[in-house]
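Peer 1: I'd like to ask some things about the structure below.
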Amino acid sequence: MAASREALNQQLQQIVNSLKEQGILDSQFWMVHSLKEANSPFFLAELIPMFCHNVQTTLRDLNRTLEKEPVNYHDMNELTMKIKGCTSSFGARRLALACVTLRRAVDNKNKDGCGSALNGIRQEYQTLRSSLDRIVELERRIVSHQA
Amino acid sequence: MEKMGFGNVTSTSKTMKIIDTEKKISVLIVEDNLLIQKIHKVMMTKFGTEVQLATNGKEAVDLFLSGASFDLVLTDLEMPIMDGIEATKQLRSMGVTSMIVGVTSRNQDSEIQAFMNAGLNACYVKPLNAEKVTVVLNELKNI
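Residue numbers (our numbering), protein chains in the order written: chain W, 1 to 147; chain V, 1001 to 1143.
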């Protein structure tokens, strides 16, 4: 049982290290991961779906705001700050950088630039999402081994 | 810009309250995003502080008006109902001498300065991490 839990933890570490090497996650994610010791073993398995929901909802709101004429760049700015804060606090490095690109387009009131930046954010999110699903699965298996 | 402060508080409060180092540091986290709220709460708890939450600036101000006090307030900037700038101004005008630290997604100098001018002791760009928390808590203990 203990060996299997260790193997699961090693798999998790390998996935996260690989994502860090690709620049998809940064050290903030490991810090967030370490918080489960101070909270509950389910911490990360609960946090990841919250993160995904946050990103999906804000992306949806950004798209809707961009589609309206005229574009409300004040609202675009606030939503951009929201997703930037969420992604940087979670440790999703490339996603947070994609939000910086969006910020620039919003500041320049460049609608096409905003559209292109949103596509970039969507792509980065899709890249991260499948790995996050795997991490949640591993976390749940690790927790069930500890039970 | 990543960080600004810990300089002189640009508010009417001239002295900081004396922290009793025997008891836990009390922290008010003012943040509307539940994900970030959760991360910040657990992080500050891991640092041994006692944490209370407010989801916007008005809730924070109301807590102080009800008689609550905190050694440290960590506040976001953009929040519904009352933002971090307005909340900080109100707290300082009420005579609150707690350390108030801004934690924001905004990183342009002018934006950080505007937040600082409300009466913050310091302001950090998100993410809040262990290094930044250590600096803040050390600053608090050295007062």
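Just so it is clear, CB atoms sit at the ideal spot from N, CA and C, and this is done for glycine as well. On a predicted model such as this, the values are computed, not experimentally measured, just so you know.
By the 10 Å Cβ neighbour count, where 16 or more other Cβ atoms means buried, how is residue 56 of chain W classified, buried or exposed?
Peer 2: Label assigned to residue 56 of chain W: exposed.
Peer 1: Under a three-way DSSP split, which group does residue 1012 of chain V fall into?
Peer 2: Residue confidence for residue 1012 of chain V is low, a pLDDT of 37 falling below 50, so the modelled location carries little weight; the figure read from the coordinates is stated next. Coil.
Peer 1: Mapping the DSSP letters down to three states, classify residue 89 of chain W as helix, strand or coil.
Peer 2: The answer is helix: DSSP assigns residue 89 of chain W an H, G or I state.
Peer 1: By the DSSP assignment, the alpha helix (DSSP H) with residue 48 of chain W in it spans what residues?
Peer 2: Segment 43-67, the alpha helix (DSSP H) holding residue 48 of chain W.
Peer 1: Could you tell me how far apart the beta carbons of residue 1136 of chain V and residue 39 of chain W are, in whole angstroms, since I believe they sit closer than 8 Å?
Peer 2: In fact, because the Cβ distance is near 20 Å, the residues do not count as touching under 8 Å.
Peer 1: Does residue 1079 of chain V come out as helix, strand or coil in the three-state DSSP assignment?
Peer 2: It is coil, neither helix nor strand.
Peer 1: Ignore the nearest five residues each way along the sequence and tell me which others in residue 1052 of chain V's own chain have a CB closer than 6 Å to its CB.
Peer 2: Correct list, in chain order: 1028.
Peer 1: Going along the chain, which residues of its own chain have a beta-carbon closer than 8 Å to the beta-carbon of residue 45 of chain W, five neighbours each way excluded?
Peer 2: Only 136, 139, 140, 143 meet the Cβ criterion.
Peer 1: Relative to chain W, which residues along the region 1064-1079 of chain V have a C-beta separation below 9 Å, given in chain order?
Peer 2: Against chain W - using a Cβ distance shorter than 9 Å - the residues of the region 1064-1079 of chain V are 1076, 1077, 1078.
Peer 1: Measuring alpha carbon to alpha carbon, tell me which residue in W:76, W:17, W:49 is nearest residue 59 of chain W.
Peer 2: It is W:76 whose Cα lies nearest to the Cα of residue 59 of chain W.
Peer 1: Spatial neighbours of residue 1026 of chain V within its chain, please: CB distance less than 6 Å, with the 5 preceding and 5 following residues excluded, ordered by chain position.
Peer 2: Contacts found: 1050, 1070, 1071.
Peer 1: Indicate whether at least one CB of chain V lies closer than 7 Å to the CB of residue 136 of chain W.
Peer 2: No, residue 136 of chain W does not count as interfacial toward chain V.
Peer 1: Using a C-beta to C-beta distance shorter than 7 Å, which residues of chain V count as neighbours of residue 85 of chain W?
Peer 2: Simply 1033, 1036, 1105, 1126.
Peer 1: Compute the distance between the beta-carbons of residue 15 of chain W and residue 94 of chain W, then report whether it is under 7 Å.
Peer 2: Not in contact: residue 15 of chain W and residue 94 of chain W (Cβ atoms no closer than 7 Å).
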